[in-house]
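Asker: Can you keep this structure in mind? I'll have questions shortly.
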Amino acid sequence: MSNNPFDFTKIFTQYNPTAMNEQMQQMFSQFNLPNVDMKAITESQQKNIDAVTAANRAAVDGMQELIQCQATILQEAMKEGASMLSNINVPNVPSEPAEFSQQQSKLVEETMQKALANAANLSDIVTKTQKETSQLLTQRFDAAMKELKDSVPAK
Numbered sequence: 165m166s167n168n169p170f171d172f173t174k175i176f177t178q179y180n181p182t183a184m185n186e187q188m189q190q191m192f193s194q195f196n197l198p199n200v201d202m203k204a205i206t207e208s209q210q211k212n213i214d215a216v217t218a219a220n221r222a223a224v225d226g227m228q229e230l231i232q233c234q235a236t237i238l239q240e241a242m243k244e245g246a247s248m249l250s251n252i253n254v255p256n257v258p259s260e261p262a263e264f265s266q267q268q269s270k271l272v273e274e275t276m277q278k279a280l281a282n283a284a285n286l287s288d289i290v291t292k293t294q295k296e297t298s299q300l301l302t303q304r305f306d307a308a309m310k311e312l313k314d315s316v317p318a319k
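Numbering (my numbering) for the sequence shown: 165 to 319.
Written as structure tokens, this is what we have:
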């Protein structure tokens with residue numbers, strides 16, 4: 165394991181969906197209910213656990229991608245800030261106020277464009293992650309509803 169405080173995989177080290185499923189199977193096996201296929205129920209629950217696990221993995225991957233992107237943005241901003249500060253001492257700073265004002269305006273415009281592009285990139289990462297996780301859960305929900313309908317005997 166790394167010492168990275170943003171390593172969200174540590175959350176899952178004690179999570180064992182197979183053990184959870186085995187405990188559920190043991191619990192349900194104690195009951196003998198007529199017309200209830202306990203094996204089908206436990207298989208369905210295992211699929212639910214697998215879907216939630218996959219969605220959680222996708223969410224963690226998305227968070228890590230988002231944090232990495234934010235760290236990259238911060239590093240670039242720090243480099244650019246240092247570069248701007250070093251340019252202030254350079255003799256090519258214009259002595260004319262109008263020219264200096266134009267350079268500052270251009271710098272502000274470039275900075276705002278970059279900030280908006282970064283915000284859009286971060287937003288895209290979040291949107292992609294939300295779409296992926298919700299798609300995984302929706303697919304499993306739809307399958308679980310079909311399994312439920314198929315398990316009910318027709319009259």
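Where a beta carbon is used, it is the ideal one built from N, C-alpha and C, also for glycine.
1. In terms of residue numbering, what span does the alpha helix (DSSP H) encompassing Glu-274 cover?
2. So, for Ala-204: in the same chain, excluding its five sequence neighbours on each side, which residues have a beta-carbon less than 8 Å away from its beta-carbon?
3. So is Gly-396 buried or exposed if we call it buried at 16+ other beta carbons inside 10 Å?
4. What does a CB cutoff of less than 7 Å around Asn-282 pick up in its chain, not counting 5 residues either side in sequence?
5. Could you check what DSSP says for Met-184 in three-state terms: helix, strand or coil?
6. Flag this pair as touching only if the stretch 295-306 and the stretch 208-222 have three or more C-beta atom pairs under 8 Å; answer yes or no.
7. Assign Met-165 to one of two classes, buried (16 or more other C-beta atoms within 10 Å of its C-beta) or exposed (fewer than that).
8. Do you know whose CA, among Ser-287, Gln-194, Ala-235 and Met-184, lies nearest Gln-210's CA?
Answerer: The answer reads as follows:
1. Taking the sequence shown and counting its residues from 1, the one referred to as residue 274 is at position 110. Counting along the chain, the alpha helix (DSSP H) containing Glu-274 begins and ends at 261-315.
2. Along the sequence shown, one-based indexing puts residue 204 at 40. Here the set comprises Glu-311 and Ser-315.
3. Because residue 396 is not part of the residues shown, which for the chain are 165 to 319, the question remains open.
4. For the purposes of this step, residue 282 is taken as the residue at position 118 of the sequence shown. Around Asn-282: Ile-237.
5. Within the sequence shown, residue 184 is the residue found at index 20, counting from 1. The DSSP-derived three-state label of Met-184 is helix.
6. With the cut-off at 8 Å, the stretch 295-306 and the stretch 208-222 touch.
7. Residue numbering aside, residue 165 sits at position 1 when the sequence shown is read from its first letter. Only weak support exists for where Met-165 lies, its pLDDT of 48 falling under 50; the coordinates are left without a value.
8. What you label residue 210 is simply residue 46 of the sequence shown in a count that begins at 1. The residue with the shortest Cα to Cα distance from Gln-210 is Met-184.
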